[in-house]
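As structure tokens, the structure follows; a few thoughts come after it.
Residue numbers (this note's numbering): 0 to 72.
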């Protein structure tokens, strides 16, 4: 079985938060996401598309502005 070395990076999201001068807590409140989900993103773990959609709605942006597919080592 072939190993899948692709994953998602949320670096764009965290850069966008800085650019918008928005705190992590403000994002969690506006997008209605839990701390555990937020920390999954901080650690580069997968989250549901529902959460990504809520974040996009809260930030009034498209998904490509907050997440990117990356090849992992």
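Where a beta carbon is used, it is the ideal one built from N, C-alpha and C, also for glycine.
This structure is a prediction, so every number in the text was calculated from the model and none was measured.
Measure the C-alpha to C-alpha separation of residue i and residue j and round it to an integer number of angstroms.
i          : j          : result
residue 32 : residue 50 : 7 Å
residue 40 : residue 46 : 7 Å
residue 7  : residue 65 : 10 Å
What residue range does the alpha helix (DSSP H) around residue i cover?
i          : result
residue 25 : 23-30
residue 35 : 34-41
residue 55 : 48-58
Could you tell me whether the Cβ atoms of residue i and residue j are closer together than 9 Å?
i          : j          : result
residue 67 : residue 10 : yes
residue 62 : residue 30 : no
residue 37 : residue 23 : yes
Does the Cβ of residue i have 16 or more other Cβ atoms within 10 Å, making it buried, or fewer, making it exposed?
i          : result
residue 52 : exposed
residue 26 : buried
residue 17 : exposed
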